[in-house]
Each structure stands twice: as C-alpha cells, then as structure tokens.
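Student:
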Amino acid sequence: MSKEARQFLPQILWYIAIWSVIASALFFLLRYRRSVLFSQEKYGALLTTVSEKRQKAVDPCQFFIWGDPPNAEGNFAKAIFYCTPDKKAVNSLDLSVLSTMSYKAMLNEVGRINGFSAEPVFNGGDWQCFSDREKITDFDAKIKLKSRVECFYHFNQAEIKKVYAEN
Amino acid sequence: MPKIKLLITICFFLLILAVGAVLRWRNHTQVPLPGESTDEYSNSWVGLSLIQLGVPVGRSGLVGYGGSDGRYINVDRIYSTTAGGGPLGINKPWLDHPPLLPLITGGYAYLNGGMVFEDATARLIRKPMLVIGIVNIALVGIFAYLLAGPEVGLLAATLFATSPLVVVTSRMIQAENGVILTWLISLICLFIYQKKNRPIYLWLAALTAGTAISFKVSGVVAWLSGAAILLSAEKKTNSRRFWETALFSVISLSFLALFFVYGAAYSFSTFTIVWQSNSTRPYDIGFGSLFNLLTTTKITVSKYLTEGWLLVGWIASLSIIGAKNKKLFSFLIVPLFSYLIIFLLMGGSAYGWYRLPFMPFLFVASAVILAEGFKAKEKLVPVLLALIPLGVTVHKLGEIYNLMPFSQYWRYGLPLVIAWFLFGRNEKLSRGLYFLIISSAIGANIALAYSLTPEVYLKIN
Numbered sequence: 061m062s063k064e065a066r067q068f069l070p071q072i073l074w075y076i077a078i079w080s081v082i083a084s085a086l087f088f089l090l091r092y093r094r095s096v097l098f099s100q101e102k103y104g105a106l107l108t109t110v111s112e113k114r115q116k117a118v119d120p121c122q123f124f125i126w127g128d129p130p131n132a133e134g135n136f137a138k139a140i141f142y143c144t145p146d147k148k149a150v151n152s153l154d155l156s157v158l159s160t161m162s163y164k165a166m167l168n169e170v171g172r173i174n175g176f177s178a179e180p181v182f183n184g185g186d187w188q189c190f191s192d193r194e195k196i197t198d199f200d201a202k203i204k205l206k207s208r209v210e211c212f213y214h215f216n217q218a219e220i221k222k223v224y225a226e227n
Numbered sequence: 226m227p228k229i230k231l232l233i234t235i236c237f238f239l240l241i242l243a244v245g246a247v248l249r250w251r252n253h254t255q256v257p258l259p260g261e262s263t264d265e266y267s268n269s270w271v272g273l274s275l276i277q278l279g280v281p282v283g284r285s286g287l288v289g290y291g292g293s294d295g296r297y298i299n300v301d302r303i304y305s306t307t308a309g310g311g312p313l314g315i316n317k318p319w320l321d322h323p324p325l326l327p328l329i330t331g332g333y334a335y336l337n338g339g340m341v342f343e344d345a346t347a348r349l350i351r352k353p354m355l356v357i358g359i360v361n362i363a364l365v366g367i368f369a370y371l372l373a374g375p376e377v378g379l380l381a382a383t384l385f386a387t388s389p390l391v392v393v394t395s396r397m398i399q400a401e402n403g404v405i406l407t408w409l410i411s412l413i414c415l416f417i418y419q420k421k422n423r424p425i426y427l428w429l430a431a432l433t434a435g436t437a438i439s440f441k442v443s444g445v446v447a448w449l450s451g452a453a454i455l456l457s458a459e460k461k462t463n464s465r466r467f468w469e470t471a472l473f474s475v476i477s478l479s480f481l482a483l484f485f486v487y488g489a490a491y492s493f494s495t496f497t498i499v500w501q502s503n504s505t506r507p508y509d510i511g512f513g514s515l516f517n518l519l520t521t522t523k524i525t526v527s528k529y530l531t532e533g534w535l536l537v538g539w540i541a542s543l544s545i546i547g548a549k550n551k552k553l554f555s556f557l558i559v560p561l562f563s564y565l566i567i568f569l570l571m572g573g574s575a576y577g578w579y580r581l582p583f584m585p586f587l588f589v590a591s592a593v594i595l596a597e598g599f600k601a602k603e604k605l606v607p608v609l610l611a612l613i614p615l616g617v618t619v620h621k622l623g624e625i626y627n628l629m630p631f632s633q634y635w636r637y638g639l640p641l642v643i644a645w646f647l648f649g650r651n652e653k654l655s656r657g658l659y660f661l662i663i664s665s666a667i668g669a670n671i672a673l674a675y676s677l678t679p680e681v682y683l684k685i686n
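From first to last, the protein sequence lines stand for chains A and B. Just so we're aligned, residue 61 is where the first sequence starts under the working numbering, counting upward by one. Just so we're aligned, residue 226 is where the second sequence starts under the working numbering, counting upward by one.
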C-alpha cells in the first residue's frame with residue numbers, strides 16, 4: 061500500500077461509515093416526520109388558506125383573475141362582477157380546481173382567490189346573477205362549461221339590459 | 226502588502242459590498258416581478274411544507290409525476306398580474322431538486338410567521354437571497370484576489386456588485402445563486418489547499434462542493450471542476466493526485482447520494498420517474514444553445530436584460546486560455562468550461578437563471594483583462610472591451626432618461642477615444658482616460674441597476 065493510500069483510505073472509509081449512519085438516520089427521520097405530521101386536511105389548509113396578511117378586497121370588483129387558463133381545454137367559466145356601471149372585474153377560472161361543479165363553489169373559489177366573501181352574492185337582494193344571460197335561481201345547480209356567470213350589484217333590469225346590449 | 230494599502234483595500238472592499246447591498250435591496254420585492262417565475266414561490270413552499278407537513282410540496286411542470294393537483298394560490302396577488310389564469314400544478318412529494326434552498330427560504334418564511342403558502346410573499350422570501358447575493362460579491366472578490374491580486378479582486382467584486390443583470394437575478398429564489406455561493410467557497414478552499422497542503426482545506430472544499438449539489442443537481446459542477454483541478458495539480462505524484470481526488474469525490478458525491486436517500490424516503494418510484502423526466506426535458510442542445518448563451522442575457526424564459534459584460538467575459542476567457550497562465554487556467558477556465566458541459570447537458574438556454582453559475586468566472590475574467598490593461602502599454606483591446614458594456618448600458622439608460630443632449634458628445638467622443646488609443650503616445654493620459662472609461666462603465670452599471678423600478682423593468686429588454 062502506498063503512503064498516500066495509507067493516508068487517504070482510512071479517511072474515506074471513516075467518512076463512508078459516518079455517512080451511512082447519517083443517511084440511515086435521515087431516511088428514518090423523514091419517514092417518521094411524514095407519518096406524524098402529514099394529513100390531507102393540513103395539506104389542503106396549507107395550500108388554500110387565505111393569508112391573514114393579505115389585503116382583503118373591499119368589493120368583488122377590486123381584484124380579478126387575469127387571463128384565460130391555458131390548459132383548461134374547455135373546462136373553465138368566467139365570473140364577471142359589476143359593482144357600479146363603470147366598475148367591473150372579469151375572472152377566468154379553471155373548473156378542475158372545484159370539488160363540486162356548482163355556481164356556488166365557483167363563486168366561492170373566486171371569492172377565496174380574490175379575498176372577498178361570496179355569501180352576499182348568493183343571498184339575493186343586492187346581487188343578481190346570470191349564467192349566459194339566464195338568471196341563476198339555484199346556486200347549487202351544476203355550472204355550465206365555458207359559461208359567463210355575471211353578477212350585478214344594485215343594478216335594475218334596464219341597467220342590466222344596457223350592459224348586455226353593449227357586450 | 227503594506228498596512229496602509231491593506232487598509233485602503235479593505236475599506237474599498239467594504240464600500241463595494243455596501244453599494245452591492247443597496248442595489249440589491251432597492252425594489253427587491255418588485256423586480257423581478259412577483260410571479261414572473263412561480264418557481265420562486267415553489268422553492269419556498271417546498272421548505273414550508275417540509276417543515277409543517279413532513280412532505281415536500283411544490284409546483285412542477287414535469288410529466289413524470291403523472292398529473293398534478295391544480296390550485297389557485299394567490300400569493301402577492303399574482304393572478305391579477307403575472308401568473309395568467311391557470312391554476313398552479315402542485316405535486317407531492319415534490320422531488321424535482323434537492324431541498325437545501327427550499328429549507329433556507331421556506332425556513333426563513335416559517336421563522337417569520339409564514340404558516341400557509343400565501344404567506345410566502347416575495348417581500349419575505351427574497352430576504353435570504355439578498356444575504357446570499359452580498360456574500361457572493363465578497364466571494365467573487367476574494368476568489369479574484371487569490372488568483373490575480375488585490376486590484377483584480379476589487380475590480381471583479383465591483384463589476385459583480387453593480388452589474389444590473391446580476392443585481393436582478395441575485396434576488397431570485399433560484400438554486401443557482403446557492404450553487405455560486407458554495408462552488409466559490411469550494412474553489413477558494415481548493416486554492417488554499419494547493420498552496421498550504423493542509424487536509425482541512427481539502428475536506429472543506431469537498432464538503433462545500435457537496436453542498437452545491439444539495440442546492441441543485443447541476444451543482445455537481447463543483448465536484449467536476451474540483452476533481453479536474455486536483456487531477457491536474459502540478460508538483461504532485463500520480464498516486465497523491467489520485468487519492469486526493471478520490472477523497473474529494475467520495476465526500477462531494479455523497480451529497481448526491483443523500484438526495485437519492487431523501488427521494489427514497491418519500492417514494493423511490495416517483496423519485497426515479499421524476500429523475501428520468503428531468504433528464505429528458507426538451508432542451509436546446511447544440512450550437513443554438515451556445516449561440517444564445519454568447520449573444521443574449523436573460524432573466525427568465527422570455528425576459529431579457531441586455532448587458533455587455535458577459536460577452537466581455539467570454540472574450541476575456543478565450544484570451545486567458547491563450548495566455549497559458551496555469552493558475553488562471555485551473556481556477557477560471559476549468560470551472561467555466563466544466564459548467565458549460567453541465568449547461569449543455571442539463572441546462573440549455575430556456576431559463577435565464579441556468580446561466581448564473583457562469584457569471585462569477587466571466588466577471589473575474591473580465592476584471593483580469595481590464596486590470597492588465599492598466600499596466601499594458603497597448604490599451605486598445607481592453608479599451609474596446611470596456612466600451613462594449615459601457616455602450617450597451619448607456620443605450621439602456623437612454624431608454625429611461627433623455628440622453629439626447631449628450632448624444633453628440635458620445636458620437637464624436639467615441640471615435641476620438643479609439644483614435645487616441647491607436648495613435649496617442651502619452652502614457653499618463655492614456656492611463657487616465659482608460660480609468661475614466663472603466664469608471665464610466667461602472668457608473669452606468671450603478672445608474673441602470675438603481676433605476677430598475679417595475680415600470681422601467683417592464684419597458685427595457
């Protein structure tokens with residue numbers, strides 16, 4: 061055995077021995093942590109909980125989801141909010157993210173993304189919603205693919221007609 | 226070095242670090258635009274989920290996962306600006322890359338109250354990158370100092386600190402910034418080891434080269450270049466070269482093996498499929514990629530920030546190859562071309578940040594050639610080299626500010642400068658003019674980097 065081999069080989073063997081202990085410990089530690097910490101609920105919450113630090117929207121027209129989902133392949137819908145005659149927000153949503161394919165789930169998801177509660181929209185009164193110009197009476201109904209869901213705040217019928225005439 | 230010169234050098238070095246820090250800090254939350262690369266968030270989400278769920282969760286575009294969980298995560302309100310209308314494809318366990326950078330930025334977010342993915346805003350997660358970016362300036366300076374002396378060290382650090390492209394890309398949560406950090410430390414340790422022959426430096430070089438792999442698999446370049454340097458070391462027996470390289474390789478490559486252990490702990494089948502699909506990404510392999518590398522300077526896939534320094538760096542590197550300086554060849558050219566091999570094999574030209582590991586070496590090469598210009602009698606070539614980045618940066622500044630009133634000075638000044646260095650024989654004046662040109666180029670760097678607000682960033686290319 062050469063002088064260099066006598067110098068370096070023990071270092072290499074020691075390192076491999078220590079590395080094997082560390083690698084084994086890491087393997088079992090990672091497995092243990094996963095088994096203790098992971099749950100589907102915590103996973104969902106980590107991804108979809110709205111940050112407390114994020115600015116809340118003052119109305120559904122303050123923020124929007126810009127651009128059409130590129131990989132939706134027809135499985136999308138638009139949610140358009142009209143807060144005043146000259147203030148609206150257009151949102152495109154890939155419907156694959158919804159657990160139930162209803163208008164309610166869609167508007168709730170748009171509300172979560174943009175930071176507002178969609179509850180007032182479902183309660184009637186101030187808001188009127190239409191799907192491809194047909195009034196939505198049951199928000200639990202199945203949403204139509206590629207539909208335009210349009211919700212108007214404090215609009216009378218004439219104003220809604222005017223919006224549709226312009227579009 | 227005399228004490229007074231040492232003191233001035235240290236003061237100047239600290240000033241460079243301060244300027245680099247200010248440039249990196251200014252607008253760091255807005256430029257690059259949040260969401261321009263969602264990988265920045267994804268890297269931090271992986272760390273955040275590893276800490277909280279015990280499983281790495283992140284965004285991936287790789288087909289190896291066999292589909293992903295589409296989610297709208299509106300961090301920094303990216304859906305109103307840069308993200309487009311589609312949900313982010315989330316994968317668990319996310320095994321695209323090793324988890325060191327995710328643990329740094331995700332860990333930082335967690336320690337600062339980040340509990341959910343939306344909390345990982347650019348304002349929060351880019352902070353650790355600023356620290357890495359400033360340390361990288363120092364490392365470039367130290368590395369260049371060891372290779373070519375204090376003047377080159379200061380110039381290289383200045384160029385690296387003020388280059389607008391480096392300023393912007395160093396803010397990004399991309400693993401290549403960590404690769405630069407550890408690779409440079411590894412090379413510095415190797416350099417000291419070759420000088421002092423103390424085993425601790427070989428161990429440190431190997432451990433930091435391994436850490437580079439823990440940032441990204443392309444960090445294997447630190448092992449490749451280190452092994453090449455050790456194998457080609459002068460005044461050593463073949464046996465010594467072999468055993469030093471063997472120790473260095475076992476230690477540094479053990480970190481790659483650790484990534485396999487990490488993958489196996491979650492799902493070895495997913496890990497191998499992701500590894501395979503990572504290696505079959507459609508890259509721009511071949512001359513097209515090389516041509517793009519030499520002629521364009523990118524930040525993301527489609528966002529360019531044209532800069533002349535890198536072209537100067539490539540030209541300077543070729544000049545250093547011709548000069549046959551063993552030290553510069555081993556520690557500058559070998560690492561540069563080692564990464565070129567990795568880049569062509571693994572990286573290609575798709576993303577701007579794949580090019581980051583070239584930059585320290587290109588800036589050091591530029592500094593070597595420009596500093597030699599001070600001493601050289603014939604200054605025309607270094608002057609022409611310095612005029613490339615100066616011209617490009619002034620052109621960019623012209624897109625921001627009205628420089629038309631100065632255009633005639635530039636138009637007539639430039640031929641006069643070239644004529645002076647062709648025919649002028651007053652050495653003192655040549656040296657002064659040369660100093661002025663390089664100072665102007667650095668000044669233009671600082672002006673452009675300082676002016677990069679989101680509006681300007683969107684406007685220029």
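Using N, Cα and C, we set each Cβ at its ideal position, and we do this for glycine too. These numbers were taken from a predicted model, which means no experiment stands behind them.
1) Taking 6 Å as the cut-off, does the CB of arginine 91(A) come closer than this to any heavy atom belonging to the ligand FAD?
2) Is aspartate 321(B) close to chain A, meaning its C-beta is less than 7 Å from at least one C-beta of that chain?
3) Where does glutamate 210(A) sit, in a helix, a strand or coil, going by DSSP?
4) From the DSSP output, read off the bridge partner residues of tryptophan 187(A).
5) What does the Cβ neighbour count give for alanine 548(B), buried or exposed, with the cut at 16 atoms within 10 Å?
6) Looking at isoleucine 438(B) and valine 445(B), is the spacing between their C-beta atoms short of 7 Å?
7) Are there 16 or more other CB atoms within 10 angstroms of the CB of threonine 522(B), so buried, or fewer, so exposed?
8) For the structure I just gave you, are there three or more beta carbon pairs, one from the stretch 601-619 of chain B and one from the stretch 549-562 of chain B, closer than 8 Å?
9) Look up threonine 263(B) in the DSSP assignment and say whether it is helix, strand or coil.
10) Over what stretch of residues does the alpha helix (DSSP H) that includes tyrosine 103(A) continue unbroken?
11) I need the boundaries of the beta strand (DSSP E) containing phenylalanine 136(A), first residue and last residue.
12) What's the call for threonine 520(B), buried or exposed, on a 16-neighbour Cβ count within 10 Å?
13) DSSP three-state call for isoleucine 613(B): helix, strand or coil?
14) Considering just the uninterrupted stretch of the beta strand (DSSP E) at glycine 295(B), what are its terminal residues?
15) Answer with yes or no whether the minimum CB distance from aspartate 344(B) to chain A is below 7 Å.
16) Do glycine 577(B) and isoleucine 524(B) have their CB atoms nearer than 7 Å?
17) How long is the line joining the alpha carbons of alanine 105(A) and methionine 340(B), rounded to whole angstroms?
18) For the stretch 151-169 of chain A, which residues have a CB atom closer than 9 Å to at least one CB atom of chain B, in sequence order?
19) Can phenylalanine 212(A) and tyrosine 103(A) be called in contact, C-beta distance under 7 Å?
20) Quick check on arginine 251(B): does DSSP put it in helix, strand or coil?
21) Does the beta-carbon distance from phenylalanine 588(B) to phenylalanine 342(B) come in below 7 Å?
22) Beta-carbon separation of alanine 137(A) and isoleucine 203(A) under 7 Å?
23) Please state the DSSP three-state secondary structure of alanine 672(B).
24) Can you tell which of Thr254(B), Leu278(B), Ser492(B) has its C-alpha closest to the C-alpha of valine 96(A)?
25) If you run the structure through DSSP and keep just helix, strand and coil, what is tyrosine 529(B)?
26) I'd like to know whether the C-beta atoms of valine 404(B) and phenylalanine 440(B) end up nearer to each other than 7 Å.
27) Quick check on arginine 351(B): does DSSP put it in helix, strand or coil?
Tutor: In short, the structure shows the following:
1) The ligand FAD is absent from the structure shown, which contains no ligands of any kind.
2) In the second sequence, counting from the first residue as 1, residue 321(B) sits at position 96. False, the Cβ-Cβ gap to chain A never drops below 7 Å.
3) Working through the first sequence from its first residue, we reach residue 210(A) at position 150. Residue state, collapsed to three classes: strand.
4) Taking the first residue of the first sequence as position 1, residue 187(A) is located at position 127. Tyr213(A), per the DSSP bridge assignment.
5) In the second sequence, residue 548(B) corresponds to position 323, counting from 1. Its Cβ having fewer than 16 others within 10 Å, alanine 548(B) is exposed.
6) On the second sequence, position 220 is the one that residue 445(B) refers to. On the second sequence, position 213 is the one that residue 438(B) refers to. Taking 7 Å as the Cβ cut-off, valine 445(B) and isoleucine 438(B) qualify as a contacting pair.
7) In the second sequence, residue 522(B) corresponds to position 297, counting from 1. The residue in question, threonine 522(B), is buried, as its Cβ has 16 or more Cβ neighbours within 10 Å.
8) no
9) Sequence index remark: in the second sequence, residue 263(B) carries index 38 (1-based). Three-state DSSP puts threonine 263(B) in coil, outside helix and strand.
10) For the purposes of this step, residue 103(A) is taken as the residue at position 43 of the first sequence. From DSSP, the alpha helix (DSSP H) with tyrosine 103(A) extends over 100-108.
11) Translated into the one-based positions of the first sequence, residue 136(A) becomes position 76. Run containing phenylalanine 136(A): 136-144, per the beta strand (DSSP E) assignment.
12) Position 295 of the second sequence, counted from the start, is the residue given in the question as residue 520(B). Classification for threonine 520(B): exposed.
13) Within the second sequence, the letter at position 388 stands for residue 613(B). DSSP places isoleucine 613(B) in helix when its eight states are reduced to three.
14) Within the second sequence, numbered from 1, the residue matching residue 295(B) stands at position 70. Taken as a continuous stretch (DSSP letters only), the beta strand (DSSP E) holding glycine 295(B) covers 294-296.
15) Taking the second sequence and counting its residues from 1, one reaches residue 344(B) at position 119. Chain A, which has a Cβ nearer than 7 Å to the Cβ of aspartate 344(B), makes this yes.
16) For this step, residue 577(B) is matched to residue 352 along the second sequence. For this step, residue 524(B) is matched to residue 299 along the second sequence. Going by C-beta atoms, glycine 577(B) is nearer than 7 Å to isoleucine 524(B).
17) If you number the first sequence from 1, residue 105(A) lands on position 45. If you number the second sequence from 1, residue 340(B) lands on position 115. Between alanine 105(A) and methionine 340(B), the C-alpha separation is close to 10 Å.
18) Asn151, Ser152, Leu153, Asp154, Ser156, Val157, Glu169
19) The sequence position of residue 212(A) within the first sequence is 152, counting from 1. The sequence position of residue 103(A) within the first sequence is 43, counting from 1. No. Outside cutoff.
20) Locating residue 251(B) in the second sequence gives position 26, counting from the first residue. Coil, per DSSP.
21) Position 363 of the second sequence, counted from the first residue, corresponds to residue 588(B). Position 117 of the second sequence, counted from the first residue, corresponds to residue 342(B). No.
22) For this step, residue 137(A) is matched to residue 77 along the first sequence. For this step, residue 203(A) is matched to residue 143 along the first sequence. Cβ distance < 7 Å, so alanine 137(A) and isoleucine 203(A) count as in contact.
23) Residue mapping note: residue 672(B) aligns to position 447 of the second sequence, counting from 1. Here alanine 672(B) sits in helix by DSSP.
24) Position 36 of the first sequence, counted from the start, is the residue given in the question as residue 96(A). Among Thr254(B), Leu278(B), Ser492(B), the Cα nearest to that of valine 96(A) belongs to Leu278(B).
25) Along the second sequence, read from residue 1 onward, the residue named residue 529(B) stands at position 304. Correct three-state label for tyrosine 529(B): strand.
26) Here residue 404(B) refers to the residue found at position 179 when the second sequence is read from its first residue. Here residue 440(B) refers to the residue found at position 215 when the second sequence is read from its first residue. Going by C-beta atoms, valine 404(B) is nearer than 7 Å to phenylalanine 440(B).
27) Indexing the second sequence from 1 puts residue 351(B) at position 126. Correct three-state label for arginine 351(B): coil.
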